[in-house]
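Student: Sending over a structure as structure tokens; questions will come in a sec.
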């Protein structure tokens with residue numbers, strides 16, 4: 038199995054990537070393909086060079102870069118070079134902690150879509166009271182049609198079932214009310230399609246069900262999903278910041294905070310996107326996983342683990358088969 | 038000034054309402070108009086009957102009731118009777134902790150819209166790092182047009198300016214990216230209207246800006262607003278529940294939790310919708326405030342205070358003037 042790691046993705050690249058690639062090489066007994074600037078990476082590898090296969094890419098698609106067709110085709114950036122390896126069958130999956138919109142656009146341009154997939158989706162794992170929920174789309178498609186959402190449900194279900202090991206994943210449709218018939222036009226039109234869909238549709242869900250762990254997959258359009266994801270992150274930050282402030286505001290609460298530290302650490306671990314590592318772009322003709330920009334070596338190693346598991350279970354073929362049967 | 042309090046609104050009605058009406062009568066030196074079932078309310082008032090003016094309404098629009106045109110016109114429910122008092126000029130504002138969709142539909146049927154208002158909006162105050170942000174629409178209109186959002190921005194700005202006392206309220210448009218040009222079709226079409234709008238438009242905002250306190254008013258369609266609100270509430274609950282669980286999981290963290298209790302109490306106060314009391318339905322031809330179903334007497338008293346302040350500053354006339362000038 039050959040996993041590509043984009044060496045130039047994370048905010049602190051390439052150090053976390055180099056570390057993760059070396060660790061992965063040792064842990065899995067196979068070289069990780071590290072794609073990036075050879076002149077920068079070689080000196081960092083040092084004695085561990087044998088754990089890694091280096092592939093040169095002279096350019097970087099930066100976090101601040103905007104997508105343009107020209108840029109996507111021209112630039113020999115590390116994500117593009119990595120996607121080309123997948124496209125040529127020289128690697129099985131790619132992990133990047135780089136610009137998410139860029140990863141999607143570049144991968145889409147170089148790999149294309151699974152036959153029959155109308156739109157690829159960005160997914161993310163939300164922490165819930167019961168574990169995790171795969172939420173998609175969280176930003177690839179600001180404007181969606183009911184058929185896209187139906188496919189998101191199917192692909193999310195395959196991913197949750199195959200890779201996360203959930204049996205009969207419960208797929209919910211995010212709406213402004215639980216009852217059937219609630220929703221905007223898009224949700225109302227999507228509901229009957231999902232009822233007839235080839236997965237375990239549990240109906241409309243709201244924040245309570247989503248974060249309460251009552252769904253394994255939550256489907257929404259990329260605009261709503263993005264607003265919900267960023268809103269949730271911001272609420273979590275507001276609460277933890279305010280609590281820290283309040284705890285530091287008196288000697289008594291400071292001591293309490295010190296004693297309760299293991300509880301805070303456990304909570305922080307729950308909410309830490311690094312625990313999961315990365316989330317797949319679903320619907321592409323290749324397996325691409327995108328991690329948080331703040332990823333460290335541990336997060337990237339978790340992402341590589343997830344990518345390996347996806348290859349092992351044959352995620353790409355399962356997605357192809359599911360889409361193909363749904364089209365019949 | 039005459040404020041109507043729906044006696045049958047909150048989850049635990051009518052006890053919190055009776056208590057709040059009596060307290061308001063004492064505090065403001067004017068009778069509160071309490072609308073509800075006379076046979077139920079009179080015995081509860083007892084010696085304090087003089088603090089309250091009782092208006093009978095034999096029916097209740099329950100939390101579980103669905104809106105139908107027939108029900109709205111026929112039923113002599115407490116919200117409807119209260120709205121009729123506003124409509125006849127016999128009261129200046131109404132507070133209810135009842136069914137939000139019902140409050141909107143009933144008030145709309147009985148009071149109508151301010152001339153020129155395309156759609157009334159439900160607003161809510163989100164706690165932020167800097168205080169509060171007026172978010173609207175959070176559920177009245179699942180499907181919106183750019184002109185609706187423009188008016189939401191204007192009405193939210195008038196409310197934040199006049200009632201919350203914010204000078205030059207910063208109005209943001211909730212989107213999936215801060216940059217101009219980001220958004221779904223609705224947001225992209227709304228942006229230029231807001232740029233030309235008669236208020237302090239600060240551009241697109243995301244969760245970070247919203248909860249970071251960088252906007253005083255956040256505008257969105259009722260579907261996205263509702264998903265965001267319920268998602269935010271659920272994240273806050275998930276975090277506080279998990280933290281409580283972790284704190285209770287060992288003797289050390291339990292002691293820490295006890296010592297840190299004032300910090301948790303301060304945070305809970307920050308996040309407590311009862312602190313604010315209620316949020317206005319904006320765009321109706323009358324002032325109606327809807328509080329949380331969980332409202333207690335303190336929350337309802339805060340809501341009455343907010344309603345009184347809105348009457349004092351002439352909110353309804355300011356909204357009328359703002360809409361009228363915008364239409365010129």
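Protein chains in written order, with our numbering: chain A, 38 to 365; chain B, 38 to 365. By construction, the Cβ of each residue, glycine as well, lies at the ideal position given by its N, Cα and C atoms.
Just the Cα atoms here: how many angstroms apart are residue 347/B and residue 285/B?
Tutor: If you take the alpha carbons of residue 347/B and residue 285/B, they lie about 44 Å apart.
Student: Measure the Cβ-Cβ separation of residue 78/B and residue 51/B and say whether it is below 8 Å.
Tutor: A contact, by the Cβ cut-off of 8 Å.
Student: The ligand ADP and residue 202/B: does any heavy atom of the ligand fall closer than 7 Å to the residue's C-beta?
Tutor: With respect to the ligand ADP, the structure shown offers nothing to examine, as it has no ligands at all.
Student: Buried or exposed for residue 293/A, please, with buried defined as at least 16 other CB atoms from any protein chain shown within 10 angstroms of its CB.
Tutor: Its Cβ being crowded by 16 or more others within 10 Å, residue 293/A is buried.
Student: Taking 8 Å as the CB-CB cut-off, is residue 142/B touching chain A?
Tutor: Not one chain A Cβ lies under 8 Å of residue 142/B.
Student: Rounded to whole angstroms, what is the Cα-Cα separation between residue 42/A and residue 245/B?
Tutor: Each residue's alpha carbon lies about 29 Å from the other.
Student: Do you know offhand how far residue 384/B's Cα is from residue 236/B's?
Tutor: What is shown of chain B runs 38 to 365, which leaves residue 384/B out entirely.
Student: Let me know the secondary structure DSSP gives residue 98/B once reduced to three states.
Tutor: Coil, per DSSP.
Student: Is the beta carbon of residue 328/B closer than 8 Å to that of residue 146/B?
Tutor: No. Outside cutoff.
Student: Would you tell me roughly how many angstroms separate the C-alpha atoms of residue 253/B and residue 187/B, rounded to the nearest one?
Tutor: Roughly 15 Å between the two C-alpha positions.
Student: Kindly indicate which three-state DSSP category residue 42/B falls into: helix, strand or coil?
Tutor: Strand, per DSSP.
Student: Does the separation of the CB atoms of residue 159/B and residue 141/B fall below 8 Å?
Tutor: The answer is yes: Cβ separation under 8 Å.
Student: Against chain A, which members of the region 124 to 143 of chain B pass a CB distance test of less than 7 Å?
Tutor: Of all residues in the region 124 to 143 of chain B, none has a Cβ within less than 7 Å of some Cβ in chain A.
Student: Mind pulling the chain B residues with CB within less than 8 Å of residue 189/A?
Tutor: Chain B residues near residue 189/A: none, gap ~16 Å exceeds 8 Å.
Student: May I ask which residues mark the beginning and end of the alpha helix (DSSP H) holding residue 138/B?
Tutor: 137 to 148 is the span of the alpha helix (DSSP H), which, as asked, contains residue 138/B.
Student: If you measure beta-carbon to beta-carbon, which residues of the region 221 to 250 of chain A are closer than 8 Å to chain B?
Tutor: Of all residues in the region 221 to 250 of chain A, 221, 222, 224, 243, 244, 245, 247, 248, 249 have a Cβ within less than 8 Å of some Cβ in chain B.
Student: DSSP three-state label for residue 257/B, please.
Tutor: Residue 257/B falls in the coil class under three-state DSSP.
Student: What residues in the region 279 to 308 of chain B have a beta carbon less than 8 Å from any beta carbon of chain A?
Tutor: Correct list: 279, 280, 283, 284, 286, 287, 289, 290, 292, 293, 294, 295, 296, 297, 298, 299, 300, 301, 303, 304, 307, 308.
Student: Short of 7 Å in beta carbon distance, which residues of its chain neighbour residue 290/A, apart from the five on each side in sequence? Order them along the chain.
Tutor: For residue 290/A, where only same-chain residues beyond five positions count, the Cβ hits under 7 Å are 283, 284.
Student: Identify the continuous beta strand (DSSP E) that holds residue 175/A and give its terminal residues.
Tutor: Element bounds for residue 175/A: n/a, residue is neither H nor E.
Student: Residues of chain B with CB under 8 Å from residue 254/A, in chain order?
Tutor: Those within 8 Å of residue 254/A in chain B number zero; the least Cβ separation is about 16 Å.
Student: Give the residues from the region 257 to 274 of chain A that approach chain B closer than 9 Å (Cβ to any Cβ), ordered along the chain.
Tutor: Against chain B - using a Cβ distance shorter than 9 Å - the residues of the region 257 to 274 of chain A are 257, 258, 259, 260, 261, 262, 263, 264, 265, 266, 267, 268, 269, 270, 271, 272, 273, 274.
Student: Nearest by alpha-carbon distance to residue 214/B: which of 215/A, 151/A, 223/A, 175/A is it?
Tutor: Ranking the options by Cα distance to residue 214/B, first place goes to 175/A.
Student: Thinking C-alpha only, which one of 362/B, 339/B, 364/B is nearest residue 64/B?
Tutor: Among 362/B, 339/B, 364/B, the Cα nearest to that of residue 64/B is on 339/B.
Student: List, in chain order, every chain B residue whose beta-carbon is nearer than 8 Å to that of residue 176/A.
Tutor: Within chain B, the residues near residue 176/A are 213.
Student: Could you name the residues of the same chain whose beta carbon sits closer than 7 Å to that of residue 116/B, not counting the 5 residues immediately before and after it, in chain order?
Tutor: Closer than 7 Å at Cβ, skipping near neighbours: 43, 98, 133, 135, 139, 140, 143.
Student: Find out if the Cβ-Cβ distance for the pair residue 217/A, residue 178/A is shorter than 8 Å.
Tutor: No, Cβ-Cβ distance for residue 217/A and residue 178/A is not below 8 Å.
Student: What is the rounded straight-line gap between the Cα of residue 305/A and the Cα of residue 274/A?
Tutor: Between residue 305/A and residue 274/A, the C-alpha separation is close to 11 Å.
Student: Is residue 166/B close to chain A, meaning its C-beta is less than 8 Å from at least one C-beta of that chain?
Tutor: By this cut-off, residue 166/B is an interface position.
Student: Does residue 104/B have its Cβ less than 8 Å from a Cβ in chain A?
Tutor: Not closer than 8 Å to any Cβ of chain A, the Cβ of residue 104/B fails to qualify, so no.
Student: Using a Cβ cut-off of 8 Å (strictly closer), state whether residue 158/B contacts chain A.
Tutor: Answer no: the Cβ-Cβ gap between residue 158/B and chain A never drops below 8 Å.
Student: Does any C-beta atom of chain B lie closer than 8 Å to the C-beta of residue 316/A?
Tutor: Residue 316/A does not count as touching chain B.
Student: Cutting at 8 Å between CB atoms, please list the residues of its own chain near residue 183/B, excluding the five before and the five after it.
Tutor: Excluding positions up to five away in sequence, the list reads 223, 226, 227, 230.
Student: Are residue 120/B and residue 280/A closer than 8 Å when you measure CB to CB?
Tutor: Against a cut-off of 8 Å, the Cβ pair of residue 280/A and residue 120/B comes out as no contact.
Student: Is the CB of residue 180/A under 8 Å away from at least one CB in chain B?
Tutor: Interface residue, yes.
Student: Could you compute how far the alpha carbon of residue 332/B sits from the alpha carbon of residue 46/B?
Tutor: Using only the alpha carbons, I get a separation of about 9 Å.
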